[in-house]
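K.L.:
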Amino acid sequence: MSKVLITGGAGFIGSHIVNLLVKQGNFEIRILDNFSTQIHGDDYKASFLYNAVLDKAELFIGDIRNQEDVLNSLIGVDQIIHLAAETGTGQSMYSLNNYTDVNIMGLSTIFEVILKYKIPIKKIILASSRAVYGEGLKTCPHHGIVSPKQRKEDDMILKDFENHCPICNAILSSALTTESCQTNPISYYAYTKLAQEKMIETLCPINGIDYTIFRYYNVYGAGQSLNNPYTGIVSIFSKLLLQDKTINVFEDGLESRDFVHVEDVAEITCKALTELKSNTQIINVGSGTSISVLQVAETLKSIYGSHSLINISGDFRKGDIRHNTADISLLKEIFNHRPHISFEQGLNDLATWVLDEVKTNPEILLTQGYEQSIDELKEANMIFQAKKEILHD
Ligand SMILES: NC(=O)c1ccc[n+]([C@@H]2O[C@H](COP(=O)([O-])OP(=O)(O)OC[C@H]3O[C@@H](n4cnc5c(N)ncnc54)[C@H](O)[C@@H]3O)[C@@H](O)[C@H]2O)c1
Ligand SMILES: [Zn+2]
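For the sequence shown, our numbering assigns the number 12 to the initial residue and increments by one for each residue that follows.
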């Protein structure tokens, strides 16, 4: 039986992939994961994610930056799903070396070991991100489809948050972003993801290794780290709502994200292990629709029956994008599949899981980590704070 190594296989997306592969029963599965404290907490053995993969796969605890760990985990492996990474957009803007180290050096270490020890890897599947597009494609009323650069801070201070046409400065409306959109990273995280893509595109063909690059959009669902205060608005909002704490919604709340359920992401990623048509492709993995951040906060508030204030603050975070919705034509064409879990159903399932987690470990609700992450961003001058006004309760 063919063997797959999943780096970061004990993470949020990885744990779903592992469980799906176990169910399908066509592969032997190995995980290489260092159980980073930011994701798994101080006692990883007590974490939901550890228990979700325990006994499901061969578990190698080690670091993708360590050649010995990588070599041990690669022996006998045919394909790699590379997920291990640092994933916080905001955090990446002031922890540059750490993001370089894990995301870029980590992958180059994997290649170095494959080449040095002539490990016959057939295929590498990379979890890249929609972040590589920056703002993505938009429609100008005068110029049609355009690809705007990062928004100007001066506009955003005046609460003009929408994208403007690079040619005529008109306000742009959203368009679906295709894989051929020019890449334009506006966070250091995005830059490291693009570097991973380029490394794969450079090194795989020369060495006879097939590859698929997935650009995941905003993945959400059960297992999303409730420890990591640096990513995932759905889990951050959940924690605040369950304690009736105020949610600070950035910008005017109308910024939107394309949320795709983790089970859909796992299903598509696993298909790439066998689908030859996915070789040498870069493929968007989103739902093809977008939801505003305010809508996420309000929907979750009603699911939890919370009394939190939803404060649309006009604050903004440098490195954030306004909207980016995936064009999923290629995804449908290659895999004959489109994500099918609706956001409403997905959020309800997630809330049930969060409530369960809180019951077994009430400490998970502590939000000091989140508050600290915001302080770090302020300290690094990455957050602009506007005068506060409360619009919803
Ligand atoms: N979750 C999303 O919305 C999303 C969106 C786009 C792309 N992605 C990409 O998908 C991949 C998986 O994301 P996720 O949400 O499951 O993240 P996650 O943080 O839940 O999982 C990452 C896993 O990698 C492990 N890890 C981190 N550094 C490591 C190292 N140096 N050596 C070994 N293991 C290490 C962590 O312990 C964790 O278990 C990442 O590459 C991420 O950039 C995720
Ligand atoms: Zn224009």
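Idealized CB from N, CA, C, for every residue including glycine.
Note that the structure is a prediction, hence the values are computed from the model and not measured.
Does the distance between the C-beta of C192 and the nearest non-hydrogen atom of ligand 2 fall short of 7 Å?
P.N.:
no
K.L.:
Measure the C-alpha to C-alpha separation of S249 and N229 and round it to an integer number of angstroms.
P.N.:
16 Å
K.L.:
Return the chain-ordered list of same chain residues with a C-beta closer than 7 Å to the C-beta of A391, the five sequence neighbours on each side being excluded.
P.N.:
Counting only Cβ-Cβ distances below 7 Å, and skipping sequence neighbours, we find M104, Y105.
K.L.:
Out of L60, Q35, N37, which has the shortest C-alpha to C-alpha gap to F406?
P.N.:
Because the chain is modelled from 12 through 404, residue 406 falls outside the range shown and cannot be assessed.
K.L.:
Out of V271, I86, Q35, state which residue places its alpha-carbon closest to the alpha-carbon of D338.
P.N.:
V271
K.L.:
Let me make sure I understand the geometry here. Which of Q235, E164, R162 has the alpha-carbon closest to that of I24?
P.N.:
Q235
K.L.:
Tell me which residues pass a beta-carbon proximity test against ligand 2: closer than 5 Å to any heavy atom, given in chain order.
P.N.:
C151, H153, H154, C176, I178, C179, A181
K.L.:
Can you tell me whether DSSP reads G147 as helix, strand or coil?
P.N.:
If DSSP states are grouped into helix, strand and coil, G147 belongs with coil.
K.L.:
Following a CB-centred definition, is D44 positioned closer than 7 Å to any heavy atom of ligand 1?
P.N.:
yes
K.L.:
If contact is defined by three or more beta carbon pairs under 8 Å, each pair taking one atom from either stretch, is the stretch 212-221 in contact with the stretch 131-146?
P.N.:
yes
K.L.:
Can you name the start and end residues of the beta strand (DSSP E) that T223 belongs to?
P.N.:
For T223, the enclosing beta strand (DSSP E) has its first and last residue at 221-227.
K.L.:
To the nearest angstrom, how far is it from the Cα of D112 to the Cα of H334?
P.N.:
29 Å
K.L.:
Which class does K250 belong to by DSSP, given the choice of helix, strand or coil?
P.N.:
It is helical.
K.L.:
Mapping the DSSP letters down to three states, classify A181 as helix, strand or coil.
P.N.:
coil
K.L.:
Bridge partners for K134 per DSSP, in chain order?
P.N.:
Answer is Q90, D221, bridged to K134.
K.L.:
From Q306 to G330, what distance separates their C-alpha atoms?
P.N.:
Going by the C-alpha atoms only, they are around 21 Å apart.
K.L.:
Could you tell me whether the Cβ atoms of S340 and F225 are closer together than 8 Å?
P.N.:
Taking the C-beta atoms as reference points, F225 is found no nearer than 8 Å to S340.
K.L.:
From what residue to what residue does the alpha helix (DSSP H) around T120 run?
P.N.:
Its alpha helix (DSSP H) spans residues 117-127.
K.L.:
Relative to the alpha-carbon of Q292, which residue among R328, K34, P216 has its alpha-carbon at the smallest distance?
P.N.:
P216
K.L.:
When you measure from the CB of R162 to every non-hydrogen atom of ligand 1, does any distance come out below 7 Å?
P.N.:
no
K.L.:
Taking all protein chains shown into account, decide if I86 is buried (16 or more other Cβ within 10 angstroms of its Cβ) or exposed.
P.N.:
exposed
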